[in-house]
Amino acid sequence: MQDHTYLTLLLNFNQVVANMTLSTLWRSNSSKLWKGSVRLWCSSSSSKNASSLSDDGSKEFLKEVKPFHKIPGPFALPFIGTIYLYLFGIYNFTRLHKDGFKKYKKYGPIVREEIIPGNSIVWIFDPNDMERVFLSENKLPQRRSHLAVGVFRGERPDVYNTGGLLNMNGEEWWRLRREFQKGFSAPQAVRAYLPATSSMIDEFVATRLSFACPDFLSELARLSLQLTCLVAFDEKFDCFSAQEMKPDGRSSRLMEAALTANSWVLRLDNQMNIKNSYGYKTFESSMLYMESVAVELVKKKADLLASKSTLESNEDAVPSLLELYLSSPNLDYKDVVGMAVDLLLAGIDTTAYTASFALYHLARNERVQNLLRLEAKKLLPSPDVSVNADILANAPYARAVLKEVFRMNPISVGVGRVATEDLVLSGYKVPKGTNMVTQNQIACRLKENFPRPNEFIPERWVKGSPIEAKAHPYVVLPFGHGPRSCIARRLAEQHLLTLLLKVASRYQIIWDSEKPLDCVTLLINKPDQPVKFTFSRL
(Lines of atoms letter the chains of each structure in order from A and count residues from 1; the text may use other names and numbers.)
(Lines give C-alpha, C1' and ligand atoms only; values in the text may rest on other atoms or scores of the structure.)
Protein backbone atom coordinates (compact mmCIF):
# COMPACT_ATOMS: atom_id res chain seq x y z
CA MET A 1 0.00 0.00 0.00
CA GLN A 2 2.81 2.40 0.86
CA ASP A 3 4.59 1.59 -2.41
CA HIS A 4 1.36 2.18 -4.32
CA THR A 5 0.78 5.52 -2.56
CA TYR A 6 4.34 6.61 -3.28
CA LEU A 7 3.98 5.69 -6.95
CA THR A 8 0.69 7.58 -7.14
CA LEU A 9 2.30 10.69 -5.66
CA LEU A 10 5.14 10.45 -8.17
CA LEU A 11 2.70 10.11 -11.05
CA ASN A 12 0.66 13.03 -9.75
CA PHE A 13 3.83 15.08 -9.39
CA ASN A 14 4.79 14.33 -13.00
CA GLN A 15 1.27 15.20 -14.15
CA VAL A 16 1.40 18.55 -12.37
CA VAL A 17 4.87 19.40 -13.65
CA ALA A 18 3.75 18.47 -17.15
CA ASN A 19 0.91 20.96 -16.92
CA MET A 20 2.91 23.88 -15.57
CA THR A 21 4.04 26.91 -17.49
CA LEU A 22 7.83 26.76 -17.22
CA SER A 23 8.68 29.84 -19.20
CA THR A 24 12.13 30.08 -17.65
CA LEU A 25 12.99 26.56 -18.73
CA TRP A 26 11.41 27.17 -22.08
CA ARG A 27 13.55 30.21 -22.73
CA SER A 28 16.70 28.20 -22.09
CA ASN A 29 15.61 25.71 -24.73
CA SER A 30 14.09 28.17 -27.19
CA SER A 31 16.82 27.60 -29.80
CA LYS A 32 15.37 24.16 -30.35
CA LEU A 33 11.98 25.60 -31.22
CA TRP A 34 10.78 27.60 -34.18
CA LYS A 35 11.95 31.19 -34.38
CA GLY A 36 9.48 33.53 -32.75
CA SER A 37 7.65 30.92 -30.68
CA VAL A 38 7.10 32.98 -27.56
CA ARG A 39 3.75 31.51 -26.56
CA LEU A 40 1.54 31.22 -23.53
CA TRP A 41 -0.32 27.97 -22.98
CA CYS A 42 -3.95 29.06 -23.30
CA SER A 43 -5.87 30.19 -26.37
CA SER A 44 -6.05 33.11 -28.78
CA SER A 45 -6.01 36.74 -29.82
CA SER A 46 -5.77 40.48 -29.55
CA SER A 47 -4.83 43.71 -31.33
CA LYS A 48 -4.58 47.49 -31.17
CA ASN A 49 -2.55 49.61 -28.77
CA ALA A 50 -3.72 51.19 -25.53
CA SER A 51 -3.67 51.36 -21.76
CA SER A 52 -0.12 50.78 -20.55
CA LEU A 53 1.91 52.05 -17.64
CA SER A 54 3.10 54.95 -19.78
CA ASP A 55 -0.41 56.08 -20.70
CA ASP A 56 -0.67 58.33 -17.64
CA GLY A 57 2.19 60.76 -17.37
CA SER A 58 1.36 61.75 -13.83
CA LYS A 59 4.15 61.06 -11.35
CA GLU A 60 1.49 60.87 -8.66
CA PHE A 61 -0.22 58.09 -10.58
CA LEU A 62 3.03 56.16 -10.83
CA LYS A 63 3.59 56.48 -7.08
CA GLU A 64 0.21 54.88 -6.43
CA VAL A 65 0.94 51.84 -8.57
CA LYS A 66 1.73 48.87 -6.36
CA PRO A 67 4.74 46.68 -7.18
CA PHE A 68 4.44 43.37 -8.97
CA HIS A 69 5.50 41.27 -5.99
CA LYS A 70 2.59 42.68 -3.97
CA ILE A 71 -0.04 41.07 -6.23
CA PRO A 72 -1.87 38.60 -3.95
CA GLY A 73 -1.77 34.90 -4.60
CA PRO A 74 -1.09 31.42 -3.21
CA PHE A 75 1.94 31.09 -0.96
CA ALA A 76 4.95 29.73 -2.82
CA LEU A 77 7.36 27.55 -0.85
CA PRO A 78 11.10 28.00 -1.42
CA PHE A 79 12.40 25.66 -4.14
CA ILE A 80 8.89 24.22 -4.55
CA GLY A 81 6.59 27.09 -5.53
CA THR A 82 2.88 26.32 -5.36
CA ILE A 83 3.21 22.84 -6.83
CA TYR A 84 2.25 21.36 -3.47
CA LEU A 85 -1.26 22.83 -3.80
CA TYR A 86 -1.81 20.77 -6.94
CA LEU A 87 0.00 17.70 -5.69
CA PHE A 88 -2.26 17.45 -2.64
CA GLY A 89 -5.50 18.24 -4.44
CA ILE A 90 -6.20 21.79 -3.28
CA TYR A 91 -5.98 22.79 -6.94
CA ASN A 92 -6.33 20.56 -9.99
CA PHE A 93 -4.95 21.21 -13.47
CA THR A 94 -7.84 19.31 -15.04
CA ARG A 95 -10.37 21.61 -13.33
CA LEU A 96 -8.90 25.02 -13.99
CA HIS A 97 -12.30 26.72 -13.85
CA LYS A 98 -12.85 25.47 -10.30
CA ASP A 99 -9.32 26.53 -9.34
CA GLY A 100 -10.04 29.95 -10.80
CA PHE A 101 -13.13 30.45 -8.66
CA LYS A 102 -11.18 29.52 -5.53
CA LYS A 103 -8.40 31.97 -6.35
CA TYR A 104 -10.79 34.77 -7.24
CA LYS A 105 -12.75 34.40 -4.01
CA LYS A 106 -9.64 34.26 -1.87
CA TYR A 107 -7.36 36.80 -3.55
CA GLY A 108 -9.48 39.08 -5.72
CA PRO A 109 -9.52 40.21 -9.37
CA ILE A 110 -5.81 39.73 -10.02
CA VAL A 111 -3.72 36.84 -8.73
CA ARG A 112 -0.01 36.11 -9.03
CA GLU A 113 1.15 32.53 -8.71
CA GLU A 114 4.59 30.98 -8.80
CA ILE A 115 3.93 27.38 -9.68
CA ILE A 116 7.69 27.14 -10.07
CA PRO A 117 9.78 29.60 -7.98
CA GLY A 118 10.77 32.66 -9.97
CA ASN A 119 8.25 31.98 -12.74
CA SER A 120 5.10 34.01 -12.18
CA ILE A 121 1.76 33.65 -13.91
CA VAL A 122 -0.81 36.40 -13.48
CA TRP A 123 -4.45 35.28 -13.50
CA ILE A 124 -6.75 38.12 -14.64
CA PHE A 125 -10.44 38.10 -13.66
CA ASP A 126 -11.52 41.72 -14.26
CA PRO A 127 -12.84 42.38 -17.81
CA ASN A 128 -11.38 45.90 -17.64
CA ASP A 129 -7.94 44.40 -17.08
CA MET A 130 -8.56 41.92 -19.90
CA GLU A 131 -9.26 44.87 -22.18
CA ARG A 132 -6.01 46.55 -21.11
CA VAL A 133 -4.07 43.39 -21.91
CA PHE A 134 -5.51 43.02 -25.39
CA LEU A 135 -5.33 46.69 -26.35
CA SER A 136 -1.70 46.95 -25.26
CA GLU A 137 -0.49 44.41 -27.79
CA ASN A 138 1.29 45.19 -31.03
CA LYS A 139 0.29 43.99 -34.50
CA LEU A 140 1.85 40.56 -33.91
CA PRO A 141 0.33 39.22 -30.67
CA GLN A 142 2.35 36.45 -29.12
CA ARG A 143 1.36 33.37 -27.23
CA ARG A 144 3.07 30.22 -26.03
CA SER A 145 1.33 27.04 -27.16
CA HIS A 146 1.76 23.76 -29.03
CA LEU A 147 5.51 23.67 -28.46
CA ALA A 148 5.42 19.89 -28.84
CA VAL A 149 4.02 20.37 -32.34
CA GLY A 150 6.96 22.64 -33.10
CA VAL A 151 9.44 20.04 -31.84
CA PHE A 152 7.75 17.31 -33.89
CA ARG A 153 7.81 19.37 -37.08
CA GLY A 154 11.33 20.62 -36.46
CA GLU A 155 12.50 17.02 -36.66
CA ARG A 156 10.79 16.60 -40.05
CA PRO A 157 12.06 19.36 -42.38
CA ASP A 158 11.32 17.15 -45.38
CA VAL A 159 7.60 17.48 -44.60
CA TYR A 160 7.21 20.89 -42.91
CA ASN A 161 8.62 24.37 -43.43
CA THR A 162 7.58 25.71 -40.03
CA GLY A 163 5.85 24.85 -36.78
CA GLY A 164 2.55 26.05 -38.25
CA LEU A 165 -0.12 28.50 -37.15
CA LEU A 166 -0.72 26.84 -33.79
CA ASN A 167 2.93 27.00 -32.77
CA MET A 168 4.48 30.07 -34.34
CA ASN A 169 4.79 33.80 -33.62
CA GLY A 170 6.23 36.80 -35.38
CA GLU A 171 6.44 37.74 -39.05
CA GLU A 172 6.55 34.16 -40.32
CA TRP A 173 3.37 33.38 -38.40
CA TRP A 174 1.70 36.41 -39.97
CA ARG A 175 2.81 35.36 -43.46
CA LEU A 176 0.99 32.06 -43.05
CA ARG A 177 -1.99 33.49 -41.19
CA ARG A 178 -2.54 36.13 -43.88
CA GLU A 179 -2.72 33.49 -46.60
CA PHE A 180 -4.62 30.76 -44.77
CA GLN A 181 -7.34 33.03 -43.42
CA LYS A 182 -8.47 34.03 -46.93
CA GLY A 183 -10.66 30.95 -47.17
CA PHE A 184 -12.12 31.52 -43.71
CA SER A 185 -12.47 35.22 -43.00
CA ALA A 186 -14.83 36.60 -45.64
CA PRO A 187 -18.49 35.84 -44.85
CA GLN A 188 -19.27 35.14 -48.51
CA ALA A 189 -16.41 32.62 -48.69
CA VAL A 190 -17.77 30.70 -45.71
CA ARG A 191 -21.35 30.86 -46.98
CA ALA A 192 -20.26 29.10 -50.17
CA TYR A 193 -19.87 25.90 -48.14
CA LEU A 194 -23.33 26.14 -46.57
CA PRO A 195 -25.30 24.02 -49.08
CA ALA A 196 -22.95 21.06 -48.65
CA THR A 197 -22.87 21.58 -44.88
CA SER A 198 -26.66 21.65 -44.62
CA SER A 199 -26.99 18.50 -46.72
CA MET A 200 -24.50 16.61 -44.56
CA ILE A 201 -26.17 17.72 -41.32
CA ASP A 202 -29.57 16.76 -42.78
CA GLU A 203 -28.28 13.25 -43.30
CA PHE A 204 -26.84 13.13 -39.80
CA VAL A 205 -30.09 14.29 -38.17
CA ALA A 206 -32.16 11.86 -40.23
CA THR A 207 -30.02 8.80 -39.54
CA ARG A 208 -28.06 9.19 -36.28
CA LEU A 209 -30.56 10.45 -33.70
CA SER A 210 -33.01 7.58 -33.68
CA PHE A 211 -31.00 5.06 -31.65
CA ALA A 212 -29.45 5.01 -28.19
CA CYS A 213 -25.80 5.94 -27.94
CA PRO A 214 -23.70 5.49 -24.77
CA ASP A 215 -21.80 8.70 -25.55
CA PHE A 216 -23.19 11.05 -28.18
CA LEU A 217 -19.92 12.97 -28.17
CA SER A 218 -18.41 10.34 -30.47
CA GLU A 219 -21.26 10.90 -32.94
CA LEU A 220 -20.70 14.65 -32.88
CA ALA A 221 -16.96 14.16 -33.34
CA ARG A 222 -17.59 12.03 -36.44
CA LEU A 223 -19.88 14.71 -37.82
CA SER A 224 -17.28 17.38 -37.11
CA LEU A 225 -14.57 15.35 -38.85
CA GLN A 226 -16.81 14.74 -41.85
CA LEU A 227 -17.66 18.44 -42.16
CA THR A 228 -14.02 19.46 -41.78
CA CYS A 229 -12.86 17.06 -44.47
CA LEU A 230 -15.62 18.10 -46.85
CA VAL A 231 -14.85 21.81 -46.59
CA ALA A 232 -11.08 21.57 -46.25
CA PHE A 233 -10.25 18.69 -48.56
CA ASP A 234 -13.33 18.20 -50.75
CA GLU A 235 -13.49 14.66 -49.39
CA LYS A 236 -16.55 12.89 -48.04
CA PHE A 237 -15.05 10.56 -45.49
CA ASP A 238 -18.31 8.67 -44.96
CA CYS A 239 -17.45 8.62 -41.26
CA PHE A 240 -20.63 6.74 -40.30
CA SER A 241 -20.17 3.75 -42.58
CA ALA A 242 -19.69 0.34 -40.99
CA GLN A 243 -16.06 0.22 -42.10
CA GLU A 244 -15.22 3.72 -40.90
CA MET A 245 -16.77 3.09 -37.49
CA LYS A 246 -14.51 0.11 -36.85
CA PRO A 247 -11.55 0.85 -34.55
CA ASP A 248 -9.14 0.52 -37.47
CA GLY A 249 -11.22 2.68 -39.81
CA ARG A 250 -9.59 5.87 -41.04
CA SER A 251 -12.16 8.10 -39.32
CA SER A 252 -11.86 6.24 -36.01
CA ARG A 253 -8.08 6.43 -36.12
CA LEU A 254 -8.12 10.14 -36.97
CA MET A 255 -10.49 10.90 -34.11
CA GLU A 256 -8.35 8.92 -31.69
CA ALA A 257 -5.15 10.53 -32.99
CA ALA A 258 -6.53 14.06 -32.63
CA LEU A 259 -7.84 13.37 -29.12
CA THR A 260 -4.55 11.79 -28.04
CA ALA A 261 -2.38 14.54 -29.50
CA ASN A 262 -4.51 17.31 -27.99
CA SER A 263 -4.49 15.55 -24.62
CA TRP A 264 -0.69 15.48 -24.57
CA VAL A 265 0.08 18.94 -25.96
CA LEU A 266 -0.36 20.84 -22.70
CA ARG A 267 1.50 18.26 -20.66
CA LEU A 268 4.44 18.10 -23.06
CA ASP A 269 4.70 21.80 -23.80
CA ASN A 270 6.17 22.61 -20.42
CA GLN A 271 8.73 19.86 -20.08
CA MET A 272 12.40 20.81 -20.09
CA ASN A 273 13.17 18.31 -22.84
CA ILE A 274 9.98 17.70 -24.79
CA LYS A 275 11.29 15.06 -27.14
CA ASN A 276 12.63 12.87 -24.34
CA SER A 277 9.66 13.35 -22.02
CA TYR A 278 7.20 10.67 -21.00
CA GLY A 279 4.30 10.66 -23.44
CA TYR A 280 6.14 12.16 -26.40
CA LYS A 281 6.25 8.87 -28.28
CA THR A 282 2.48 8.53 -27.91
CA PHE A 283 2.04 12.11 -29.09
CA GLU A 284 4.45 11.54 -31.98
CA SER A 285 2.62 8.41 -33.10
CA SER A 286 -0.67 10.30 -33.23
CA MET A 287 0.89 13.17 -35.15
CA LEU A 288 2.47 10.78 -37.64
CA TYR A 289 -0.89 9.21 -38.43
CA MET A 290 -2.56 12.59 -38.99
CA GLU A 291 0.42 13.59 -41.11
CA SER A 292 0.11 10.48 -43.28
CA VAL A 293 -3.56 11.21 -43.99
CA ALA A 294 -2.84 14.89 -44.66
CA VAL A 295 0.01 14.11 -47.06
CA GLU A 296 -2.21 11.67 -48.93
CA LEU A 297 -5.03 14.21 -49.25
CA VAL A 298 -2.74 17.06 -50.31
CA LYS A 299 -1.03 14.90 -52.92
CA LYS A 300 -4.37 13.74 -54.30
CA LYS A 301 -5.64 17.29 -54.65
CA ALA A 302 -2.35 18.53 -56.13
CA ASP A 303 -2.47 15.78 -58.76
CA LEU A 304 -6.05 16.72 -59.63
CA LEU A 305 -5.16 20.39 -59.97
CA ALA A 306 -2.31 19.47 -62.28
CA SER A 307 -4.83 17.96 -64.68
CA LYS A 308 -6.19 20.61 -67.04
CA SER A 309 -9.28 18.55 -67.84
CA THR A 310 -10.14 18.28 -64.16
CA LEU A 311 -9.89 22.04 -63.72
CA GLU A 312 -12.13 22.66 -66.70
CA SER A 313 -14.76 20.19 -65.53
CA ASN A 314 -14.98 21.80 -62.10
CA GLU A 315 -14.98 25.49 -63.01
CA ASP A 316 -18.32 26.11 -61.28
CA ALA A 317 -17.61 24.03 -58.19
CA VAL A 318 -16.87 25.67 -54.83
CA PRO A 319 -13.13 25.19 -54.31
CA SER A 320 -12.03 23.43 -51.17
CA LEU A 321 -9.65 25.17 -48.79
CA LEU A 322 -6.95 22.80 -49.98
CA GLU A 323 -7.48 23.89 -53.56
CA LEU A 324 -7.26 27.56 -52.59
CA TYR A 325 -4.03 26.98 -50.70
CA LEU A 326 -2.38 24.90 -53.40
CA SER A 327 -3.24 27.60 -55.93
CA SER A 328 -1.71 30.41 -53.86
CA PRO A 329 1.65 31.72 -55.14
CA ASN A 330 2.55 32.70 -51.57
CA LEU A 331 2.38 29.17 -50.16
CA ASP A 332 4.40 26.13 -51.05
CA TYR A 333 3.58 22.44 -50.80
CA LYS A 334 5.00 21.97 -47.30
CA ASP A 335 3.10 24.99 -45.98
CA VAL A 336 -0.12 23.39 -47.20
CA VAL A 337 0.72 20.01 -45.66
CA GLY A 338 1.28 21.73 -42.31
CA MET A 339 -2.08 23.49 -42.51
CA ALA A 340 -3.82 20.24 -43.46
CA VAL A 341 -2.45 18.61 -40.31
CA ASP A 342 -3.51 21.65 -38.24
CA LEU A 343 -7.07 21.32 -39.58
CA LEU A 344 -7.20 17.66 -38.56
CA LEU A 345 -5.68 18.39 -35.16
CA ALA A 346 -7.89 21.36 -34.29
CA GLY A 347 -11.00 20.83 -36.40
CA ILE A 348 -12.65 17.89 -34.68
CA ASP A 349 -12.89 18.25 -30.91
CA THR A 350 -13.68 21.95 -30.45
CA THR A 351 -16.89 21.91 -32.50
CA ALA A 352 -17.97 18.55 -31.10
CA TYR A 353 -17.49 19.70 -27.49
CA THR A 354 -19.42 22.93 -28.07
CA ALA A 355 -22.26 21.04 -29.77
CA SER A 356 -22.42 18.69 -26.77
CA PHE A 357 -22.75 21.58 -24.32
CA ALA A 358 -25.34 23.29 -26.55
CA LEU A 359 -27.57 20.22 -26.74
CA TYR A 360 -27.16 19.71 -22.99
CA HIS A 361 -28.34 23.23 -22.16
CA LEU A 362 -31.31 22.88 -24.49
CA ALA A 363 -32.23 19.55 -22.89
CA ARG A 364 -32.03 21.04 -19.39
CA ASN A 365 -34.00 24.18 -20.30
CA GLU A 366 -37.32 23.23 -21.86
CA ARG A 367 -38.46 26.84 -22.18
CA VAL A 368 -35.41 27.71 -24.25
CA GLN A 369 -35.72 24.57 -26.33
CA ASN A 370 -39.36 25.38 -27.14
CA LEU A 371 -38.51 28.93 -28.19
CA LEU A 372 -35.69 27.71 -30.40
CA ARG A 373 -38.05 25.15 -31.91
CA LEU A 374 -40.57 27.87 -32.79
CA GLU A 375 -37.88 29.80 -34.62
CA ALA A 376 -36.51 26.67 -36.29
CA LYS A 377 -39.92 25.49 -37.52
CA LYS A 378 -40.71 28.91 -38.91
CA LEU A 379 -37.45 28.96 -40.84
CA LEU A 380 -37.51 25.24 -41.73
CA PRO A 381 -41.18 24.32 -42.23
CA SER A 382 -40.26 20.88 -43.59
CA PRO A 383 -37.24 18.58 -43.14
CA ASP A 384 -36.18 18.91 -46.77
CA VAL A 385 -35.64 22.69 -46.53
CA SER A 386 -31.92 23.42 -46.66
CA VAL A 387 -30.34 25.97 -44.39
CA ASN A 388 -29.07 28.93 -46.39
CA ALA A 389 -27.53 32.30 -45.63
CA ASP A 390 -30.91 34.04 -45.38
CA ILE A 391 -32.15 31.51 -42.85
CA LEU A 392 -29.09 31.98 -40.65
CA ALA A 393 -29.43 35.75 -40.95
CA ASN A 394 -32.99 35.48 -39.64
CA ALA A 395 -32.26 33.18 -36.70
CA PRO A 396 -31.55 35.63 -33.84
CA TYR A 397 -32.67 33.25 -31.12
CA ALA A 398 -30.44 30.44 -32.39
CA ARG A 399 -27.52 32.87 -32.35
CA ALA A 400 -28.45 33.96 -28.83
CA VAL A 401 -28.55 30.32 -27.72
CA LEU A 402 -25.09 29.72 -29.16
CA LYS A 403 -23.64 32.82 -27.52
CA GLU A 404 -25.11 31.80 -24.18
CA VAL A 405 -23.47 28.39 -24.63
CA PHE A 406 -20.16 30.16 -25.18
CA ARG A 407 -20.73 32.18 -22.00
CA MET A 408 -21.60 29.15 -19.88
CA ASN A 409 -19.14 26.69 -21.45
CA PRO A 410 -16.43 28.46 -23.42
CA ILE A 411 -13.95 26.56 -25.54
CA SER A 412 -11.15 27.27 -23.05
CA VAL A 413 -10.76 28.80 -19.61
CA GLY A 414 -9.34 32.01 -21.04
CA VAL A 415 -6.69 33.62 -23.20
CA GLY A 416 -2.97 33.36 -22.59
CA ARG A 417 -0.57 36.16 -23.36
CA VAL A 418 2.93 37.46 -22.73
CA ALA A 419 2.92 41.16 -21.82
CA THR A 420 4.51 43.15 -24.64
CA GLU A 421 5.05 46.20 -22.42
CA ASP A 422 4.71 47.25 -18.79
CA LEU A 423 1.05 47.35 -17.73
CA VAL A 424 -1.00 48.48 -14.77
CA LEU A 425 -3.70 45.93 -13.93
CA SER A 426 -5.98 46.41 -10.92
CA GLY A 427 -3.50 48.96 -9.59
CA TYR A 428 -0.44 46.70 -9.81
CA LYS A 429 2.52 46.96 -12.14
CA VAL A 430 2.82 43.96 -14.45
CA PRO A 431 6.22 44.02 -16.19
CA LYS A 432 6.85 43.36 -19.84
CA GLY A 433 7.42 39.66 -20.49
CA THR A 434 5.04 38.46 -17.78
CA ASN A 435 2.92 35.41 -18.50
CA MET A 436 -0.77 36.26 -18.14
CA VAL A 437 -3.99 34.26 -18.46
CA THR A 438 -7.36 35.99 -18.68
CA GLN A 439 -10.00 34.07 -16.75
CA ASN A 440 -12.99 34.57 -19.04
CA GLN A 441 -14.69 31.35 -18.01
CA ILE A 442 -14.82 32.49 -14.40
CA ALA A 443 -15.71 36.09 -15.26
CA CYS A 444 -18.70 34.85 -17.26
CA ARG A 445 -20.11 33.18 -14.13
CA LEU A 446 -19.78 36.17 -11.80
CA LYS A 447 -22.85 38.15 -10.76
CA GLU A 448 -20.81 41.33 -11.09
CA ASN A 449 -20.79 40.72 -14.84
CA PHE A 450 -24.10 38.92 -15.43
CA PRO A 451 -27.35 38.78 -13.42
CA ARG A 452 -28.27 35.18 -12.54
CA PRO A 453 -24.93 34.03 -13.97
CA ASN A 454 -25.50 30.30 -13.54
CA GLU A 455 -28.79 30.28 -15.43
CA PHE A 456 -28.99 29.60 -19.15
CA ILE A 457 -30.79 32.68 -20.50
CA PRO A 458 -30.25 33.32 -24.23
CA GLU A 459 -32.42 36.44 -24.01
CA ARG A 460 -29.34 38.20 -22.64
CA TRP A 461 -28.14 38.37 -26.24
CA VAL A 462 -31.42 39.22 -28.00
CA LYS A 463 -31.44 42.84 -29.08
CA GLY A 464 -34.29 44.75 -27.48
CA SER A 465 -34.98 42.07 -24.88
CA PRO A 466 -35.96 43.41 -21.42
CA ILE A 467 -32.99 41.53 -19.99
CA GLU A 468 -30.54 42.27 -22.79
CA ALA A 469 -27.06 42.03 -21.32
CA LYS A 470 -24.92 45.14 -20.97
CA ALA A 471 -21.90 42.89 -21.07
CA HIS A 472 -18.33 44.08 -21.18
CA PRO A 473 -17.05 43.52 -24.75
CA TYR A 474 -14.04 41.57 -23.51
CA VAL A 475 -15.74 39.13 -21.16
CA VAL A 476 -17.16 36.59 -23.65
CA LEU A 477 -14.35 35.71 -26.04
CA PRO A 478 -14.81 32.07 -27.06
CA PHE A 479 -12.69 32.47 -30.19
CA GLY A 480 -10.22 35.02 -28.88
CA HIS A 481 -9.73 38.50 -30.30
CA GLY A 482 -7.89 40.18 -33.14
CA PRO A 483 -5.25 38.65 -35.42
CA ARG A 484 -4.84 35.56 -33.24
CA SER A 485 -8.51 34.74 -32.98
CA CYS A 486 -9.68 31.34 -34.19
CA ILE A 487 -9.16 31.21 -37.94
CA ALA A 488 -12.23 29.00 -38.47
CA ARG A 489 -14.65 30.95 -36.28
CA ARG A 490 -17.21 31.73 -39.00
CA LEU A 491 -17.17 28.16 -40.27
CA ALA A 492 -17.60 26.69 -36.78
CA GLU A 493 -20.52 29.01 -36.00
CA GLN A 494 -22.14 28.13 -39.32
CA HIS A 495 -21.89 24.41 -38.58
CA LEU A 496 -23.23 24.79 -35.04
CA LEU A 497 -26.17 27.03 -35.97
CA THR A 498 -27.19 24.70 -38.78
CA LEU A 499 -27.06 21.71 -36.45
CA LEU A 500 -29.09 23.43 -33.71
CA LEU A 501 -31.82 24.55 -36.12
CA LYS A 502 -32.09 21.14 -37.75
CA VAL A 503 -32.21 19.18 -34.49
CA ALA A 504 -34.62 21.56 -32.72
CA SER A 505 -37.05 21.58 -35.64
CA ARG A 506 -37.48 17.80 -35.60
CA TYR A 507 -36.65 16.44 -32.14
CA GLN A 508 -37.25 16.93 -28.45
CA ILE A 509 -33.86 16.74 -26.72
CA ILE A 510 -33.75 14.92 -23.36
CA TRP A 511 -30.74 14.69 -21.04
CA ASP A 512 -30.27 11.08 -19.92
CA SER A 513 -28.01 11.46 -16.91
CA GLU A 514 -28.71 12.25 -13.28
CA LYS A 515 -25.55 14.34 -13.03
CA PRO A 516 -25.18 17.84 -14.46
CA LEU A 517 -22.60 18.18 -17.21
CA ASP A 518 -19.36 19.96 -16.35
CA CYS A 519 -15.99 20.14 -18.06
CA VAL A 520 -12.45 18.91 -17.64
CA THR A 521 -9.53 21.00 -18.83
CA LEU A 522 -7.35 19.35 -21.43
CA LEU A 523 -6.04 21.78 -24.00
CA ILE A 524 -9.68 22.83 -24.34
CA ASN A 525 -12.77 22.23 -22.20
CA LYS A 526 -14.16 18.73 -22.70
CA PRO A 527 -17.40 17.29 -21.25
CA ASP A 528 -16.53 15.53 -18.00
CA GLN A 529 -18.80 12.52 -18.49
CA PRO A 530 -20.41 10.52 -21.31
CA VAL A 531 -22.86 12.73 -23.16
CA LYS A 532 -26.19 10.89 -23.09
CA PHE A 533 -29.29 12.16 -24.89
CA THR A 534 -32.61 10.81 -26.02
CA PHE A 535 -33.96 12.44 -29.18
CA SER A 536 -37.73 12.11 -29.35
CA ARG A 537 -39.16 12.62 -32.83
CA LEU A 538 -41.82 15.35 -32.95
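Residue numbering for the sequence shown follows the numbering used here, starting at 3 and increasing by one per position.
Glycine included, C-beta positions come from ideal geometry on N, C-alpha and C.
From a predicted model like this one, the values you see are computed outputs, not experimental measurements.
Just measuring C-alpha positions, the residue of Thr96, Thr84, Arg409 sitting nearest cysteine 446 is Arg409. Here serine 212 has no same chain residue with a Cβ atom under 6 angstroms from its own Cβ, once five neighbours each way along the sequence are excluded.
Contact check for aspartate 240 against leucine 427 fails: the beta carbons are separated by 8 angstroms or more. DSSP lists Asn437 as the bridge partner or partners of valine 420. Setting aside the 5 residues that flank it on each side, leucine 229 is surrounded in the same chain by Thr199, Met202, His497, each with a C-beta closer than 7 angstroms to its C-beta; the list follows chain order. For tryptophan 175, there is no enclosing beta strand (DSSP E); the residue is found in the alpha helix (DSSP H) stretching over 172-182.
For isoleucine 85, the enclosing alpha helix (DSSP H) begins and ends at 85-89. Cβ neighbours of alanine 471 within its own chain (closer than 8 angstroms, five residues either side excluded): Phe452, Arg462, Trp463. Around leucine 328, the same chain offers Lys303, Ala304, Leu307, Val338 as residues with beta carbons nearer than 7 angstroms, after the five sequence neighbours per side are excluded. According to DSSP, phenylalanine 535 shares a beta bridge with Trp513. If you draw a straight line from the Cα of leucine 142 to the Cα of glycine 435, it is about 15 angstroms long.
In this model, glutamate 495 and proline 197 are separated by some 15 angstroms (Cα to Cα). Proximity of the segment 527-536 to the segment 357-374 meets the contact definition, three or more beta-carbon pairs being nearer than 8 angstroms. For the segment 314-363, the continuous alpha helix (DSSP H) assignments of 4+ residues that do not extend past its boundaries occur at 323-328, 335-348, in sequence order. The alpha helix (DSSP H) runs of length 4 or more contained entirely in the segment 445-516 are, from start to end of the chain, 491-508. By the Cβ criterion, the segment 523-534 is in contact with the segment 263-282, since at least three pairs of Cβ atoms, one from each stretch, lie closer than 8 angstroms. Rounded to whole angstroms, proline 74 and tryptophan 175 show a C-alpha spacing of 35 angstroms.
DSSP lists no beta-bridge partner residue for threonine 96. Looking at the backbone, the Cα of glycine 429 and that of leucine 404 are separated by about 35 angstroms. According to the DSSP secondary-structure assignment, lysine 405 is paired through a beta bridge with no residue. The beta strand (DSSP E) runs of length 3 or more contained entirely in the segment 104-153 are, from start to end of the chain, 112-118, 121-126.
Around proline 129, the same chain offers Ala445, Asn451, His474, Tyr476, Val477 as residues with beta carbons nearer than 7 angstroms, after the five sequence neighbours per side are excluded.
Between leucine 268 and isoleucine 276 the beta-carbon gap is near 12 angstroms, outside 8 angstroms, which marks them as no contact.
Under the DSSP assignment, lysine 303 falls in the alpha helix (DSSP H) whose first and last residues are 282-307. For asparagine 264, the enclosing alpha helix (DSSP H) begins and ends at 252-271. Excluding sequence positions up to five before and after threonine 96, its CB lies within less than 6 angstroms of the CB of Val522, Thr523, all in the same chain and listed in chain order. With 16 or more other Cβ atoms inside 10 Å of its own Cβ, glutamate 221 counts as buried.
Comparing alpha carbon positions, the residue from Lys248, Phe285, Leu347 closest to alanine 296 is Leu347.
In the assembly as shown, proline 189 is an exposed residue. Its beta-carbon has fewer than 16 other beta-carbons within 10 Å. Within the same chain, Ser322, Leu323, Leu324, Ala342, Leu345, Gly349 come within 8 angstroms of alanine 234 by CB-CB distance, once the 5 residues on both sides are set aside. Separation of aspartate 514 and proline 216 (C-alpha to C-alpha, rounded to the nearest whole angstrom) is 10 angstroms. Only buried fits isoleucine 126, as 16 or more other CB atoms lie within 10 angstroms of its CB. Relative to threonine 352, the option among Val67, Ala421, Cys488 whose CA is nearest is Cys488. By the neighbour-count criterion, in which 16 or more other beta carbons inside 10 Å mark a residue as buried, proline 249 falls on the exposed side. Linking glycine 418 to tyrosine 291 through their CA atoms gives a straight-line distance of about 29 angstroms. In this structure, glutamate 423 lies away from isoleucine 459, with their beta-carbon atoms at least 8 angstroms apart.
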